[in-house]
Amino acid sequence: MGFKDVFLQHPERRYIMFGGGGGVGKTTFSAAAAYWLASHGKKVLVFSVDPQASLTDIFKRDIFGKGPVQIMQNLWAQEIDADKHIRAYQQEIRQKILDMYGLPAVPEEIENYIQAASAEPAMEESAMFDAVVDVVMKGDYDYYIYDLVPLGHALYYLSMAKVYDEWINKVTKLREEMREYEEMVSRIRREKVTEQDQILQELLYIKNRINTSAGILTDKTKTAFFFVVIPEAGVINDTQKAAKLFAQFDVPLSGYLVNRVIPHELLDQNIPEYLRHRIAMQDQNLGGVRAAFGDQVMTLVPEMERDVTGLPMIEKLANIMFA
Amino acid sequence: MTEEEKVSAVKRLWQNICDTVYGMAAHDMSRAALRTRASMEHLFILITMGDLLGIPILPPYYSLRLLPYVVPQIATWKRRMLREKDVADAMF
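Here the protein sequences come in this chain order: A and B.
For the first sequence, the residue numbers in my numbering are 17 to 339.
For the second sequence, the residue numbers in my numbering are 269 to 360.
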């Protein structure tokens, strides 16, 4: 099955993700796939959850932190600014504290906690994935194309989602037990039942958010996850390991795309020995790719003659990918 | 004594009886339940806001959402967590 067939045969797969190590071309492929789908009349949003996002470079438009920006007909691109998201979120928490207790300022101790919490390394990932839930839940587009963070981060988030989920279940249970005691006291004292436990409501909300964001990544009917590899031994090994881990977290793997293959036609020309060696090395590694991933390899994309930036180059790449 | 005063005296008496019975039978129960609940409250704050004591238990993004609700309890919670334990704890 070719790359194009996945889209033709499974129109229900609306969340398209590209994963892979750093620098293999995830963002480029995301942009090209988005371009192809948009030019075939689908409304597409391509967005990046990577703090070092480069959609801005690829589309030659400044889109960082600006919400969905229209690139061409049917095609929107978005780069989420995690820092901005976190700052707004902190402010929301502060405001809530001030409103709830009618305070003129947030107590110092609490303010320190808010500051410290935001410096934690996990904060950014959580903020990103939380922002994604908002983007996807609106459901304004036919296709959502994720330019994912490098492998480690995505795995980290998936495992975190699992831990979070169990944690929330436990905390919710504790909260429910507390509630029982409260009700018991109310009964003994013949008081009216106390008001709803707002914390319990919040916990249920959080649980729902986490399950939604992890659920999108692991939805077997709506999600197609592609690995991008390049014909280099190290990358192939890493991807094989990552694929195993992703499978453990039930990510529906749809196939592998090979990027940066040096065209064989060059061999007919007068090229330096150096390039001949590179081609021989790639041939060997492509053998490795086929051995490792078999018929899940969907397409080989050649090393382009120049950087893929700007719509004409993206179109050229898309036509090769969807040939 | 007017009719009204009589009624309110009877009401007061009844209320006193109720309170006495409650004090004899149920006060300890409800106190114990409240104590248990308070312990759980502190446990809850510990596992959600552990960072405040330097015990990072879980990533903080979502625990910030819970912070506004526990603001008033944080001072007593810290005092309880950080104080030294002694025999009197078991008695009262």
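The beta-carbon is built from N, C-alpha and C at its ideal position, and this holds for glycine as well.
Treat the numbers as computed from the prediction; the structure is a model and nothing was measured.
Interface with chain A (8 Å Cβ-Cβ cutoff): I313 of chain B is excluded. Taking V148 of chain A as the centre and dropping the five residues before and after it, the same chain places the C-beta of V65 and S229 closer than 7 Å to its C-beta, in chain order. In this chain, S70 of chain A is not harboured by any alpha helix (DSSP H), its DSSP state being neither H nor E. In this structure, T239 of chain A sits away from P279 of chain A, with a CB-CB distance that is not shorter than 8 Å.
For R195 of chain A and P340 of chain B, the gap between their C-alpha atoms comes out near 18 Å. Where Y272 of chain A is concerned, the enclosing beta strand (DSSP E) starts and stops at L269 to V277. Taking the Cα positions, V313 of chain A is about 31 Å away from D156 of chain A.
Chain-order list of chain A residues neighbouring A277 of chain B: empty, with the shortest C-beta distance near 22 Å, by a criterion of under 8 Å. Any Cβ of chain B closer than 8 Å to the Cβ of R103 of chain A would place that residue at the interface, and such an atom is absent. As the crow flies, the alpha-carbon of G118 of chain A is around 52 Å from that of A259 of chain A. With contacts defined as CB atoms closer than 8 Å, R225 of chain A and D146 of chain A qualify as a contacting pair. Looking only at A:N227, A:K100 and A:Q298, the smallest Cα-Cα distance to D181 of chain A is reached by A:N227.
Shown in chain order are the members of the stretch 208-239 of chain A whose Cβ falls below 7 Å from a Cβ of chain B: Q214, I215, E218 and I222. Within the same chain, and ignoring the five residues on either side of K223 of chain A in sequence, the residues whose Cβ sits closer than 6 Å to its Cβ are I184. Around R305 of chain B, the beta-carbon contacts reaching into chain A at under 8 Å are M194, Y197, E198 and V201. Beta-bridge analysis with DSSP links W183 of chain A to no other residue.
Contact between the stretch 46-56 of chain A and the stretch 81-94 of chain A is present, with at least three C-beta pairs closer than 8 Å. When secondary structure is reduced to three states using DSSP, M320 of chain A falls in the coil class, being assigned neither helix nor strand. For I246 of chain A, the secondary structure class from DSSP, reduced to helix, strand or coil, is coil. Of all residues in the stretch 331-348 of chain B, only S331, L332, R333, L334, L335, P336, Y337, V338, V339, P340, I342, A343 and K346 come within less than 9 Å of chain A when Cβ atoms are compared, listed by chain position. Here Q111 of chain A is exposed. Its C-beta has fewer than 16 other C-beta atoms within 10 Å. Per DSSP, the continuous beta strand (DSSP E) segment holding I161 of chain A begins and ends at Y159 to D163.
Taking CB atoms only, S175 of chain A has no neighbour in chain B less than 8 Å away. Each residue's CA atom was taken as its position, placing G231 of chain A and I113 of chain A some 31 Å apart. Here A277 of chain B has no same chain residue with a Cβ atom under 7 Å from its own Cβ, once five neighbours each way along the sequence are excluded. Closer than 8 Å to the CB of L281 of chain B there is not a single CB belonging to chain A.
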